[in-house]
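Numbering (UniProt numbering), first residue to last: 1 to 167.
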């Protein structure tokens with residue numbers, strides 16, 4: 001019989017690892033702009049923004065309009081506005097998401113982001129990289145690497161407390 005009970009991972013430890021990996025990027029780019037992908041990425045971005053004490057405003061991005069796979073996975077997108085109060089032209093943008101899986105969220109986020117301007121460079125930080133890419137994206141900073149079968153799912157719940165749940 002298969003064990004289907006949920007397993008939790010330490011989201012705080014993953015966040016600490018992600019923060020440590022992002023520290024050199026932020027140190028080299030003090031005018032960097034952090035953009036969190038709604039919703040889990042926005043929760044993480046909020047913590048990172050506070051930790052690094054950036055002068056630029058925190059930004060969030062809603063990628064629902066650009067997702068190409070919602071109907072395939074049985075989701076019905078709720079297209080909402082992004083919140084990009086910072087000037088991202090010619091800046092280092094640190095794009096934050098909770099889980100990197102197929103790469104489709106990253107593709108959608110880049111499409112949405114470039115509707116707001118042209119960054120000099122975009123760095124990707126993710127709390128969890130679970131592998132199994134369909135598109136050629138890799139994170140610049142990762143809190144936790146997992147090798148999961150395609151029938152397993154990891155989800156960030158929160159915002160308080162942040163918790164990673166494997167099902």
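The beta-carbon is built from N, C-alpha and C at its ideal position, and this holds for glycine as well. If you're wondering where the values come from, they're calculated on a predicted model, not measured in any experiment.
In this structure, what does DSSP give as the bridge partners for residue 100? 129
Using three-state DSSP, classify residue 141 as helix, strand or coil. strand
Among the residues of its own chain, which have a CB less than 8 Å from the CB of residue 136, if the five just before and after it don't count? 103
Look at the alpha carbon of residue 91 and the alpha carbon of residue 22, and state the distance between them as a whole number of angstroms. 16 Å
Proximity to residue 133 [Cα-Cα], best of 161, 121, 146: 146
Can you tell me the Cβ-Cβ gap for residue 140 and residue 123, rounded? I've got them flagged as a contact below 8 Å. 4 Å
Helix, strand or coil at residue 123 [DSSP, three-state]: strand
How about residue 88 and residue 116: do their beta carbons lie closer than 8 Å? yes
Considering Cα atoms alone, identify which of 112, 105, 125, 100 is closest to residue 84. 112
Here's the rule I'm using: 16 or more other beta-carbon atoms within 10 Å means buried, otherwise exposed. How should residue 105 be labelled? buried
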